[in-house]
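Here's the structure we're looking at; comments come further down.
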Amino acid sequence: MNSGRKSSLGRNQKPKPQIPVLVKRNNVTIVPTVVANHDMVVPSNDRPTSTASNTSVKVKPHFMKAVLPSISGNLSNMKLQQQNQNPLENIRIQNLRDFDQQMDDFMNLTISSPFYQAIETFFNQYFRGTTCLWDDINSLQTMYSMSLKKTCKRDRGIPGATFVGRQTIKVDRAGSHPAYDSAIDGALGSEENSLISFPIWSYRNSIIGIVEVSRPQEPFTEVEEAFVMHFTQKIKLLSKWILQPQVNDQPIFDIIQLLSLEQFAAVFKSKITQLFNCRVCEVWSYRKDTQEITMMSDSLVHMQPPKGGIVADSLLNHKVINCQLNKLHSCYNMEFDFKNDEAVLVVPVIQSQVNYDYAVCIRGPKANSIFTRYDEDLLKKIAPYIALAFSNSTLHSEFFNDFQNSKFEQDGLAALLEVAEVLSSQLDIDKLTETIMEKGRTLTNADRCSLFLINETGERLITSFQHGLDTAIDLPIRRGAVGLAVKEQKVVNIADAYQDPNFDRSTDIESGYHTNTLLCVPIFNQKGEVIGVTEMVNKLDGKPFSEWDAKVIQIFNVFCGISIQNAKLYKESVDMETQLQSFFDVSVAVSKSEDMKEVLQQIIARSRDAAEAERASIFLFDPANDCLKVFLADGTNVPETLPMNTGIAAQCVKLRRAIVANDVYHDPRFNRSVDTASGFKTNNLVVVPLLTPGGDILGVVEMCNKKDGDFDDHDAKLVQSFASFVEMTLEKFELKNIASLGETEIEMLKWIGESERESCTEIPLRLRLKEEQIQNLRQLNFMALDWEPMDRIKSIIYQFYSFGIPQEFRISNQMLFRFIWEVMRTYHSTPYHNWIHAVDVVQYVSYEMRLGELENIFTKFEIFAMLVAAVCHDAGHSGFNNIYNVKAETPLGILFKEQSVMETYHCTVAISILTRKECNLFHSITEEAQKQMWTLIIKLILATDMAFHFKMVKAATEFMDAGPFNPNDPEQRLIAFQLVLKTADISNVSRPFKVADKWCDVLCEEFFRQGDKEKAQAFGLTSPLNDRDNPDKPKSQIGFYNFVCIPLYSVISRIFPKFEVNLNSVKSNLEVWKSLSQPQQQAQQQPAKK
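Residue numbers (the UniProt record's numbering): 1 to 1090.
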C-alpha cells in the first residue's frame, strides 16, 4: 500500500466498536453501492438508466443460483442499514479528508494515463493487490480487460455476479464464492486470496465497468469498503468528463480539410487505422432515393442492397454494430466483410433531412481481440466529421471535374480553385469571412462587398464583414434584395438599384454611399439550407453584373458554405476542448482546494470566460430575509441582494430552471431597480438555479451581458454545467463543516438567518409553524407521532415564545435552538421514551397551562422551569425502567442504586447541556435565582419516578380533603406543579381513544423489549406487562387506568377544576378498554367450561 497514505486508511485498522458489522453469508459480504451541428445523428447504444436494461443478458441458471441467494439474503441487512444509516457512510464522513486526498492522487493519474490504467495502477497501490478493470461493452453484452486481454461474459465469474447484482462483493476467500471462475477470477491470483469486486457507474446511472481486486492473506476492511463507496460516488459525478474519449484534434483537422476523394481516401486510411490501431477502415454512403450504397476504402465501390454485408445492415437499420467475430453476424458477406476472422465496428451517421446517410467501419483490431467501449465511443464522436469530410470531398471532386470539362471557363475556374485552396486552409472564422469577401470582390471586379449570415434565431441577417463600411448591417431576414435571395433561395441580380422595388435604400441613406448595381447570391450548407448571402455592390466597369459573375459567385459560394461550416466545426471543436479542459481543471480544484471561496472563484471565472459574459455572480438564498445575497462576483457593480418577489433571478428560483433573457429592458420579468441602484446596465443575462440533491434551492448563478451578441440555450447548458460544480463544492464543504463545526451549528445555519440569531423577540422565519399547526398544538387530540421531525422542534420553540420566555429571560434564537437540538440528540431511538415523547409532554403541559389558566397562578419563572423540565425529563432514557437497571446491575443501576435511577440520570444529562455557555438558558438570572431554578427543575424531573406516584397522590388528596387548594402554601404549590408534569408524562391516556391506543402500542413494544432482555438474562420478568408471549392489552390498560390514572387525574382536577375535561376523557377511554376486554375474557372462559 502507498506509504504516503495516512494511518486512518490502513488495512489493519479495525472499525470503531459502535459501527455494526455487516452480515455475511458463506463468508461473503455484499455491500450496497451508493449510486450526475449538422442534423447528423449517431444512433446510440448507450445503456438506459433503468435497472432492468443493464441485466438483459441471458443468465445461466447455475450463475443465478449462485448470485441471487447472496442478494436476497442481504435484503434484510440492507433494510437494517437504511434504518440505522449506512455504517459505511459514517466511516466515509470520518475519513472524508483522507479519501479526498486519495481521489486527488487518482485524478492526477487520469491526466497522464488511460482510465483503465489509472484505475489498475491506483488500486494496485491502494490495496497492495492485483487489480483488473473489466470494461463493459454494452453492444457486445460482455466485458473486456485491456490489461489481461480477456473477455468476460456478464454471467461469468465474480465480475459477472457484481454486474448482475449491481452491488459490491467482498469475499475473504475468492474460491468460496459460488460464482468464482478460475479462468476469470483466477487470472488475478490464487483462489485462497481475499477479493473485492465493485461496479463503476456513469452519471447516467449505468454500469460502465467492474473493478476486481485480489489480495493474498489479508481480508479487506470496512474502511477500505467505505473508500470504495466514496470512490464510486465521485467517479459517478465526474464520469461525464473523465470517461469521455480524448479526441486528438490533428487527425480530425487533417480529414476535414477540403480534399479530393483520392486525397481524402489516403488521409482517412492513414489517420483512422493509426488512431484505432486496426487493419482497415472504410466510409460508406447510402443514397435514399436510388437505394445505392457506395463504399470507399482504397477506391469507390457501388452496389445495391442486399449486398454490403454487415455495414449495409447498420446503414439500413440505423444501428451501431460492434461484432466480436464478423462471420457470426447474420448479415456477413465474404465479398465485403473479408475472409479474416476478426472484429468489426460500424457507426452510422443518419441525416434525416438529406438524401444521404453514411457509415464508418473499422475492422481487425491489432492490440485487442475486440473493439472496446472506448473505441466505440471515440468512433461515435468522430464519425459525423468523417461523414461530413467525405461528403465535402465528393462535392469537391464533382465540381472539380465539372470545371475541368469546361474549357470555356478555364481561366475563371483557375481563379476559383486558387480561391478554394485559400479558403480550405483557413479555419479562423473571422479571417475566413474577410478572405471570402476579398476574393469574391476580386472575382467579380466589384467595388464593395458584404457577407450576411443568418443569426441563430433565424430572424435576422447580420454582416460578419463589410468592405467600405464602419459598422455591421443588421436587417430583418425578409428585407431588401438580400432578404429576397434568402426567401426565394436564388440569385438576385439588380442592374439599376433605385429603380428596383426590392432594393432597400436605408443603408445608402445612413452611409452616404450610392448603390447602382447589386448581385446577391445565397450560400447553402450541405443540407441545402440557406445560411447566408454574399452581396456584391457596383461593378467597377460601371456595367451590371453578368450571368458569368452570378455563376462564378454561385460556385464560389459552394466553397464558402463548406469552409464556413468547417470553420464553425473547428471552432466548436476547439471550444469544446477548452470547455472540457475547464471542467477538468475545475474538478481538480474541487478535489484539492480547502478554501471554498477559492474554488468557487475559479469556477465562476472560468464560467464567465466560457460564456463570454461581462459579469458573473453567485447569489445564495437567504430564507431569513427572503432574498438572494451575493456570495461571489467576477465583475463590477454587483448588487448586494436580489428580491424574491420580482425579477428574472426570482423567477428562476420559482421555476427551478435556467432562464435566458435578451433585451431585458423589454422583458416584463426584469427588475430595472437593480440596475438603477447598482449603476450597471444589463443588456442580456442567463440565470441558472443552484439546487441541493433533494431539490431545495441554494441560490443562482447569473451571467450578465454577452460580449458579442445574445445568450442562447447553448450558453444556458454551459453555465448549468459549471453550476453543477458550484453545487458539488457547496455540498462538499457542508460535509466538512459538519465535521468541524458540528451538526448543531450546521443545522442552525439552515434554519436561522444571520440577522435572526441574536433576536429574542420573534421566532425565525423558517422556524415558524403554520396556523393550522398552532391550532392543533392547543388541542387535546395532538398527535406528536404524525408530525415531521423539524416541525416537532418548531413546536417546542413556539411553546417557549407563546409564554414569553425568550423575551423575559433574554434567550437568543441561536441559544434556544442549540439547547433544543443538543437535548434532542441525547434521546435514543427507543420505542416510547424517545424525543417524540418529550415533544408530546411539552405540548401537554402547555395545553394544561392554557386550559387551567395556570399563568395566573404560577410565575413566568416557574413556567420556564416547567418547560425546561418537560424537554429534559427523559433525556438519555435507555428504554429500560429503574427496576431493570438495578436488577441487571447496569452502570446506571450501580451508580444510582439507592435513588431514582433514570430520573437522576436525566437530571445529569440536563445539567451537562444547560451548563454549557452556548446553551445556558439561565445566563440572565442571578446566581441565587439559578439555584432556585435548578432546585425546581430537579424536583420536577424526579417526581416523574413512578415510585413516588402513590405518595404524591395521597399527599394531594389529604390537603384537598382538608380544604381548598392554597397556592401560597409552598408544599401544596410544589406538589400541584409536579402533578402537572406527571399527568403530561402519561397524557396519552386522556387523549382521544384513537391516539391513546396508538401510544399504547408503542409503550407495549418498549415493555416487551425489556421483557425479552429479562428472559435472556434469566432473572425473571419484573412485570407481567413485559411478557411478549402473553399479551393482554385491554386487561393491562384497565388495571393501569384504575390504579394509576383515575386517582391522579381525579386529584389534579380537584386542584384545578378545569382539568375535569381530561378526567372525563380518561374515564371514557377506560370504558372502551372494558368493552374490548369482555370478548377476550369470554373467549378464554369457553375452553375452561368445555
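C-beta atoms are modelled at their ideal positions from N, C-alpha and C, and glycine is treated no differently.
Keep in mind it's a predicted model, so treat the numbers as computed, not measured.
To the nearest angstrom, how far is the alpha carbon of E788 from that of F1043? As a first step, residue 788 is located in the sequence shown; it is residue number 788 there, counting from the start. As a first step, residue 1043 is located in the sequence shown; it is residue number 1043 there, counting from the start. Their backbone Cα atoms lie some 35 Å apart in a straight line.
Local Cβ density within 10 Å of residue 1092, reported as buried at 16 or more and exposed below that: For the chain, the structure presents residues 1 to 1090; residue 1092 sits outside this window and is missing.
Through-space distance from E282 to P348, alpha-carbon basis: The residue given as residue 348 occupies position 348 in the sequence shown. The residue given as residue 282 occupies position 282 in the sequence shown. Rounded to whole angstroms, P348 to E282 spans 12 Å at the Cα level.
DSSP state of N671 mapped onto helix, strand, coil: By one-based count along the sequence shown, residue 671 stands at place 671. Here N671 sits in coil by DSSP.
Given 8 Å, three or more beta-carbon pairs between the region 799–806 and the region 1001–1015: no
Tell me which residues share the same chain as I738 and place their Cβ nearer than 8 Å to its Cβ, disregarding the 5 neighbours each side in the sequence. Working through the sequence shown from its first residue, we reach residue 738 at position 738. Low local confidence applies: a pLDDT of 48 at I738 is under 50, so the model's placement there is unreliable, with the coordinate-based value given in what follows. Closer than 8 Å at the Cβ level, and outside the excluded window around I738, lie I93 and I746.
Go ahead and pull the three-state DSSP assignment for S197. Working through the sequence shown from its first residue, we reach residue 197 at position 197. Of the three classes helix, strand and coil, the one that applies to S197 here is strand, per DSSP.
Could you tell me the alpha carbon to alpha carbon distance between F619 and S795, rounded to whole angstroms? Position 619 of the sequence shown holds residue 619. Position 795 of the sequence shown holds residue 795. F619 and S795: Cα-Cα distance of roughly 31 Å.
Which residues mark the beginning and the end of the beta strand (DSSP E) in which E702 is found? If you number the sequence shown from 1, residue 702 lands on position 702. Segment I697 to K706, the beta strand (DSSP E) holding E702.
Among T935, E292, A481 and D549, which has the Cα closest to the Cα of L443? Translated into the one-based positions of the sequence shown, residue 443 becomes position 443. If we check each option's Cα against that of L443, D549 comes out closest.
My output table needs one value for M64: the three-state DSSP class, helix, strand or coil. Residue numbering aside, residue 64 sits at position 64 when the sequence shown is read from its first letter. Unreliable placement is indicated for M64, whose pLDDT of 42 sits below 50; no coordinate value is reported for it.
List the residues that DSSP assigns as beta-bridge partners of T294. By one-based count along the sequence shown, residue 294 stands at place 294. DSSP, once it has assigned bridges, lists S285 and H302 as partnering T294.
Need the endpoints of the beta strand (DSSP E) that I494 sits in, please. In the sequence shown, counting from the first residue as 1, residue 494 sits at position 494. Segment V492 to I494, the beta strand (DSSP E) holding I494.
Which same chain residues end up closer than 8 Å to S113 when comparing Cβ atoms and leaving out the 5 residues on each side of it in sequence? Taking the first residue of the sequence shown as 1, we reach residue 113 at position 113. The answer, listed in chain order, is T121.
Around the C-beta of R818, are 16 or more other C-beta atoms found within 10 angstroms, so that it is buried, or is it exposed? Locating residue 818 in the sequence shown gives position 818, where the first residue counts as 1. Buried.
Mark S214 as exposed unless 16 or more other C-beta atoms lie within 10 angstroms of its C-beta, in which case mark it buried. For the purposes of this step, residue 214 is identified with residue 214 of the sequence shown, where counting begins at 1. It counts as buried.
L780 versus V845: straight-line alpha-carbon distance, rounded: The residue given as residue 780 occupies position 780 in the sequence shown. The residue given as residue 845 occupies position 845 in the sequence shown. Rounded to whole angstroms, L780 to V845 spans 11 Å at the Cα level.
Which of helix, strand or coil DSSP assigns to L816: On the sequence shown, residue 816 is found 816 positions in, with the first residue counted as 1. Three-state DSSP puts L816 in a helix.
Skipping 5 residues on each side, what residues in its chain have a beta carbon closer than 7 Å to that of P43? As a position in the sequence shown, residue 43 is number 43, starting the count at 1. The answer, listed in chain order, is H318, K319, V320, P348 and I350.
Residues sharing a beta bridge with Y385, DSSP: Start at 1 with the first residue of the sequence shown, and residue 385 comes out as number 385. Y385 is not bridged to any residue.
From A865 to R916, what does the alpha carbon distance come to, in whole angstroms? Sequence index remark: in the sequence shown, residue 865 carries index 865 (1-based). Sequence index remark: in the sequence shown, residue 916 carries index 916 (1-based). Each residue's Cα considered, the two are about 17 Å apart.
Cβ neighbour criterion (16 or more within 10 Å) applied to S1075: By 1-based counting over the sequence shown, the position of residue 1075 is 1075. Exposed, since its Cβ has fewer than 16 Cβ neighbours within 10 Å.
Our contact map puts A875 next to V909 with C-beta atoms below 8 Å; I'd like the distance itself, whole angstroms only. Here the question's residue 875 lines up with position 875 in the sequence shown. Here the question's residue 909 lines up with position 909 in the sequence shown. About 4 Å; that satisfies the 8 Å criterion.
Decide yes or no for the touch test of the region 1028–1044 against the region 812–829: beta carbon pairs closer than 8 Å, at least 3 of them. no
Restricting to runs no shorter than 4 residues, where is the alpha helix (DSSP H) found entirely within the region 1001–1041? 1033–1040
Reference S139; option with closest CA among Y374, A118, T904 and I937: As a first step, residue 139 is located in the sequence shown; it is residue number 139 there, counting from the start. Of Y374, A118, T904 and I937, the residue nearest in Cα terms is Y374.
I'd like to confirm the pairing. Which residues does DSSP put opposite Y356 in its beta bridges? Here the question's residue 356 lines up with position 356 in the sequence shown. Per DSSP, R287.
Would you give the residue range spanned by the alpha helix (DSSP H) that Q250 belongs to? Within the sequence shown, the letter at position 250 stands for residue 250. Q250 -> alpha helix (DSSP H) spans D249 to I256.
What did DSSP end up calling K149 once you bin it into helix, strand or coil? Sequence index remark: in the sequence shown, residue 149 carries index 149 (1-based). Three-state DSSP puts K149 in coil, outside helix and strand.
Under the three-state reduction of DSSP, which class applies to I169: helix, strand or coil? Taking the sequence shown and counting its residues from 1, the one referred to as residue 169 is at position 169. Reduced to three states, the DSSP call for I169 is strand.
Which residues does DSSP pair with M143 in a beta bridge? Looking up residue 143 in the sequence shown gives position 143. M143 is bridged to D136 and C152.
Cβ distance (whole Å) where M644 is taken to contact L628 below 8 Å: Counted from its first residue, the sequence shown places residue 644 at position 644. Counted from its first residue, the sequence shown places residue 628 at position 628. About 7 Å separates the two Cβ atoms, so the contact holds.
Continuous alpha helix (DSSP H) assignments of at least 4 residues falling wholly in the region 320–377: 334–337
Between the alpha carbons of R810 and L974, how many angstroms are there, rounded? Residue mapping note: residue 810 aligns to position 810 of the sequence shown, counting from 1. Residue mapping note: residue 974 aligns to position 974 of the sequence shown, counting from 1. Rounded to the nearest angstrom, the two C-alpha atoms are 26 Å apart.
How big is the Cα-Cα spacing for V211 and Y385? Within the sequence shown, numbered from 1, the residue matching residue 211 stands at position 211. Within the sequence shown, numbered from 1, the residue matching residue 385 stands at position 385. Roughly 34 Å between the two C-alpha positions.
So V521 and I603 are in contact, right, with Cβ under 8 Å, and what is the actual spacing, rounded? In the sequence shown, the residue the question calls residue 521 occupies position 521. In the sequence shown, the residue the question calls residue 603 occupies position 603. Wrong, their Cβ atoms sit about 46 Å apart, outside the cutoff.
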